[in-house]
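Enquirer:
Chains as they are written, first to last, in our numbering: chain P, 1 to 268; chain U, 1001 to 1330.
1) Straight-line CA distance for residue 1264 (chain U) to residue 1006 (chain U)?
2) Mind checking residue 16 (chain P): buried by the 16 CB within 10 Å criterion, or exposed?
3) Is DSSP giving residue 98 (chain P) helix, strand or coil here?
4) The alpha helix (DSSP H) that contains residue 16 (chain P), what's its start and end?
5) What are the boundary residues of the alpha helix (DSSP H) that includes residue 56 (chain P)?
6) Does the region 1046–1057 of chain U touch the region 1180–1193 of chain U, meaning 3 or more C-beta pairs lie closer than 8 Å?
7) Can you say whether residue 191 (chain P) is buried or exposed, counting buried as having 16 or more other CB atoms within 10 angstroms of its CB?
8) Whose C-alpha, out of P:136, P:37 and P:201, is nearest the C-alpha of residue 1070 (chain U)?
9) Would you mind working out which of U:1075, U:1067 and U:1146 sits nearest residue 1344 (chain U), comparing C-alpha positions?
10) What residues in the region 1151–1176 of chain U bring their beta carbon closer than 7 Å to a beta carbon of chain P?
11) Taking the straight line between their C-alpha atoms, what separation do you get for residue 1309 (chain U) and residue 1009 (chain U)?
12) Could you tell me which chain U residues have their CB closer than 7 Å to the CB of residue 100 (chain P), listed as they occur along the chain?
13) Just how far apart, CA to CA, sit residue 254 (chain P) and residue 1058 (chain U)?
14) Counting only Cβ pairs nearer than 8 Å, list the residues of chain U close to residue 12 (chain P).
15) At what residues does the alpha helix (DSSP H) containing residue 1115 (chain U) begin and finish?
16) Can you name the residues of chain U whose CB is closer than 7 Å to the CB of residue 142 (chain P)?
17) According to DSSP, simplified to helix, strand and coil, what is residue 50 (chain P)?
18) Against residue 60 (chain P), what residues of chain U qualify as contacts under a CB-to-CB distance less than 8 Å, listed in chain order?
19) Compare the C-beta of residue 1206 (chain U) against all C-beta atoms of chain P and say whether one is closer than 7 Å.
20) Compare the beta carbon distance of residue 1241 (chain U) and residue 1037 (chain U) with 7 Å and say whether it is the shorter of the two.
21) Helix, strand or coil for residue 1128 (chain U), going by three-state DSSP, please let me know.
22) Taking residue 9 (chain P) as the query, report the chain U residues whose CB atoms sit under 9 Å from its CB, ordered along the chain.
23) Where does residue 1175 (chain U) fall in DSSP's three states?
24) Nearest CA to the CA of residue 132 (chain P): which residue from P:81, P:225 and P:171?
25) When you compare the CB of residue 15 (chain P) with every CB in chain U, is at least one pair closer than 7 Å?
26) Could you work out which residues of chain P lie near residue 1009 (chain U), taking near to mean beta carbons separated by less than 8 Å?
27) Mind listing which residues of the region 1084–1095 of chain U have their C-beta closer than 7 Å to chain P's C-betas, in chain order?
28) Any beta carbon from chain P within less than 7 Å of residue 1021 (chain U)'s own beta carbon?
29) Please classify residue 45 (chain P) as buried or exposed, where buried requires at least 16 neighbouring CB atoms within 10 angstroms.
30) Is the beta carbon of residue 1284 (chain U) sitting closer than 7 Å to the one on residue 1251 (chain U)?
31) Please state if the CB of residue 57 (chain P) and the CB of residue 236 (chain P) are separated by a distance shorter than 7 Å.
32) Would a C-beta distance cut-off of 7 Å place residue 315 (chain P) and residue 207 (chain P) closer than the cut-off?
33) Contact criterion: CB-CB distance below 7 Å. Does residue 1025 (chain U) meet it with respect to chain P?
34) Which residues in chain U sit within 8 Å of residue 64 (chain P), going by Cβ to Cβ distance?
35) Any idea which residues DSSP pairs residue 1155 (chain U) with across the strands?
36) Short of 6 Å in beta carbon distance, which residues of its chain neighbour residue 1305 (chain U), apart from the five on each side in sequence? Order them along the chain.
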């Protein structure tokens, strides 16, 4: 007997809320490639402020957010980037930093506390930032779910990313916007990012339609993430009680439940 | 005394209509990266049908449409593409096919009508026997309408001839059809016939057709399957993109018929400009929605203020300035 369907495909499938639909319908728009879309401008200013960086740039996806960030920091041929062997950039982005950007990856083993929606604490990030500075490297944070981390850790998001030169933040996942990600960083960095965005084909015209929804997402839905985390915990505990399934419930920190072990013999 | 403002910045500044706003507000959506957005599916199916190709793919911009097309046709390292020396791909797309895609361009002179001489195209095709030092030609690109020539239409016979040449040498043919509907309307040729010889076409919905965002690439199923992966790689995979596709569907269903009015307005505008002392327009050369004019000596001091109002930078050393009629048609 099905009482209600819960869509567990991913937090990428979130649909725009009524408020978002209304915002999109009324959005003031113009040609963003020429620099005239007021809603894109307003949204980018707000994201820069929230993240504590100088400037921001709206892009169609997290993949493009990371691709642009890596390629701008590594704009000289012969560059290498250090990243986790189990990171999204390395595993799920078509190897674009290399195939498209000519940047060489150097992977370092990700520990268990780097997967399953786990939060990196602010002290750890600050330490990595110091290491980067010591060796004159840049630090980029793939912050697709940075707000989930901020809420779970109880650390303001601008503090969490203080040590980073750039961050890529998804609006289209748990925050629920239909499309897009924002890159934040210095004015100089964002200026280069804007050109590369155009080059990759991410320059959209009356994009204020999408930015209006993204603005609603970041203004209204960050507070709802705590509820998502509670639901994920409840879900994990429930799964764990089912004969044949086993979940490490303590490892569930945010909105992702993983590490599910299924003993086929014992499942009905 | 200003009675009405006409925005002449470009046809890229067209804003979504009421019908588009309504369609966007009520669009049925889902995750298009996972392949579940029904509105994106509907737009792509419709565009493939209209263009007479097997499949279609919605992308955020014409730049990405062309970039993906060139890179998919030229996916083997060491490729070369033949294109016009005054083509949009070569001049206005940040050289992305090379800087991002590693493809080498071989330009052929664009004539005033936007075409390239067929014998010059053929002469530019690399002899495979010289592969020890030659890149391998894999693709020819045409642009219809041709923007930098003033929105000129390439006739269907010409395109078919270039298609035959491509087939003869085992090459692919891509058409940058950002304004292909303008060409179709101006020539009176159904759009699917106009692009029949092409392996792929990139079509803008966001220009004269008025959608807020996007282009569509059309081609074979195999081509589009590869294009989809490259779109993801470049970062063009959008989630609940049906919102934008809903507006694009309205654009292609309702606004193609309005292009003829745009062309008439452009002609009227050209004739009017030509009457102004100090300005000169070759009115006969205005075929679609783009108007070029010359500033003659003695008139320069009037123009900078006018151009600044239009939001364009005035280059005093360049007497030719481009004005593109947009699609408001009021």
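Glycine is no exception: its CB is placed at the ideal position from the N, C-alpha and C atoms.
Model, not experiment: these values are computed from the prediction.
Expert: Concretely, from the data shown:
1) Straight-line Cα distance between these residues: approximately 15 Å.
2) Result: buried.
3) Of the three classes helix, strand and coil, the one that applies to residue 98 (chain P) here is helix, per DSSP.
4) In the DSSP assignment, residue 16 (chain P) falls outside any alpha helix (DSSP H) and carries neither an H nor an E.
5) Where residue 56 (chain P) is concerned, there is no enclosing alpha helix (DSSP H), although the beta strand (DSSP E) it sits in stretches over 55–59.
6) Contact holds: three or more Cβ-Cβ distances are below 8 Å.
7) Per the 10 Å Cβ criterion, exposed.
8) For residue 1070 (chain U), the nearest C-alpha among the options comes from P:201.
9) Chain U is shown only over 1001 to 1330; residue 1344 (chain U) falls outside these bounds and no answer can be derived.
10) Within the region 1151–1176 of chain U, no residue has a Cβ that lies closer than 7 Å to any Cβ of chain P.
11) With a pLDDT of only 42 at residue 1309 (chain U), under the threshold of 50, the placement of this residue in the model should not be trusted, and no figure is reported.
12) Near residue 100 (chain P) (Cβ distances below 7 Å), the residues of chain U are 1100, 1233 and 1234.
13) Rounded to whole angstroms, residue 254 (chain P) to residue 1058 (chain U) spans 33 Å at the Cα level.
14) By Cβ distance, chain U contributes 1031, 1033, 1034 and 1239.
15) The continuous stretches of alpha helix (DSSP H) do not include residue 1115 (chain U), and DSSP gives it neither H nor E.
16) Against chain U, the beta carbon of residue 142 (chain P) has no neighbour under 7 Å; the closest one sits roughly 13 Å away.
17) Three-state DSSP puts residue 50 (chain P) in a helix.
18) Result: 1060, 1235, 1236, 1237 and 1238.
19) At least one beta carbon of chain P lies nearer than 7 Å to the beta carbon of residue 1206 (chain U).
20) Yes, these two residues count as a Cβ contact at 7 Å.
21) Here residue 1128 (chain U) sits in helix by DSSP.
22) What residue 9 (chain P) touches in chain U: 1031, 1034 and 1036.
23) Residue 1175 (chain U): strand per DSSP, three-state reduction.
24) Proximity to residue 132 (chain P) across P:81, P:225 and P:171 peaks at P:81, based on C-alpha coordinates.
25) Yes - at least one Cβ of chain U is within 7 Å of the one on residue 15 (chain P).
26) Neighbours of residue 1009 (chain U) on chain P, chain order: 31 and 34.
27) For the region 1084–1095 of chain U, the set of residues with a beta-carbon nearer than 7 Å to any beta-carbon of chain P comprises 1094, in chain order.
28) Yes, its Cβ sits closer than 7 Å to a Cβ of chain P.
29) Its Cβ having fewer than 16 others within 10 Å, residue 45 (chain P) is exposed.
30) A distance of 7 Å or more separates the beta carbons of residue 1284 (chain U) and residue 1251 (chain U).
31) Against a cut-off of 7 Å, the Cβ pair of residue 57 (chain P) and residue 236 (chain P) comes out as no contact.
32) The structure shown does not extend to residue 315 (chain P), since chain P is modelled only from 1 to 268, so the question has no answer here.
33) The Cβ of residue 1025 (chain U) sits closer than 7 Å to at least one Cβ of chain P.
34) For residue 64 (chain P), the chain U residues whose C-beta falls within less than 8 Å of its own C-beta are 1234, 1235 and 1236, listed in chain order.
35) Beta-bridge pairing by DSSP links residue 1155 (chain U) to no other residue.
36) Residue placement at residue 1305 (chain U) is flagged as unreliable, the pLDDT there being 49, under the threshold of 50; the coordinate-derived value follows with that caveat. In its chain, beyond the 5 residues on either side, no residue has a beta carbon closer than 6 Å to the beta carbon of residue 1305 (chain U).
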